[in-house]
Amino acid sequence: MINLSLQVFCNRIVAAGAITAADVVALTRHVLPDGLTSRDEADMLIALDRVVTATDGAFGDYLTAAVVDFAVWGERPTGYINTELACWLVSSLRAGSGPSPLAARIAREVVREAQVSDEALIAFALSAKSVHQYTQNDRSFVKAA
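Dropping the structure here:
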């Protein structure tokens, strides 16, 4: 079940079209002071990253830390990313169209923090990293031409 204040927060952010540093402070202090408590909350913030392209860097830092903390230390068994959890993470981070740069970062950090990760998440993190490296190299080549 989604936290009503999180729903209101996300609606306001989508309407504004941007996530500011002040929004991140409000998110951490008032909306989710205890961090993520459900997969639905994580899904909502991951989707927010896709919808709102103008984001302060603090949002990426917060979302990465929050998803790592929830997935690795909040879900059971603690410290392990099993197949079921990996499938949820991959589907949420991929969202049908491939990972955003922040989603790729989240996947890498979850794998790095967990004691053991399912191979599906490891493969996703590695492929997401290579796709974004290729895209960044491709963009710099286009800019140089």
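Each residue of the sequence shown is one higher than the one before, counting from 335 in the numbering used here.
Glycine included, C-beta positions come from ideal geometry on N, C-alpha and C.
Note that the coordinates shown come from a computational prediction; the quantities given were computed from them, not determined experimentally.
Query                                                                                                : Result
Three-state secondary structure (DSSP) of Thr469                                                     : Unreliable placement is indicated for Thr469, whose pLDDT of 42 sits below 50; the coordinate value is still reported in the next sentence. Helix.
Segment limits, alpha helix (DSSP H) that includes Asn337                                            : Asn337 -> no alpha helix (DSSP H), and no H or E assigned at all.
Which listed residue (Met378, Val385, Asp357, Val402) has its alpha carbon closest to that of Ile440 : Val402
Option in Val348, Gly408, Asp377, Leu370 with minimal Cα separation from Ala429                      : Asp377
Under the three-state DSSP convention, the category Thr387 falls into                                : coil
6 Å Cβ shell around Asp374 - same chain, five flanking residues per side excluded                    : Ile336
Residues that Ala352 bridges to, as DSSP identifies them                                             : Ala388
Collapsed DSSP secondary structure at Ser431 in the structure displayed                              : coil
Three-pair Cβ contact test at 8 Å for the region 409-422 versus the region 385-393                   : no
Cβ-based neighbour list, Ala459, same chain, cut-off 6 Å, excluding 5 preceding and 5 following      : Ala441, Arg442, Val445
Nearest candidate by alpha-carbon position, reference Asp368, set Asp357, Ala400, Pro433             : Ala400
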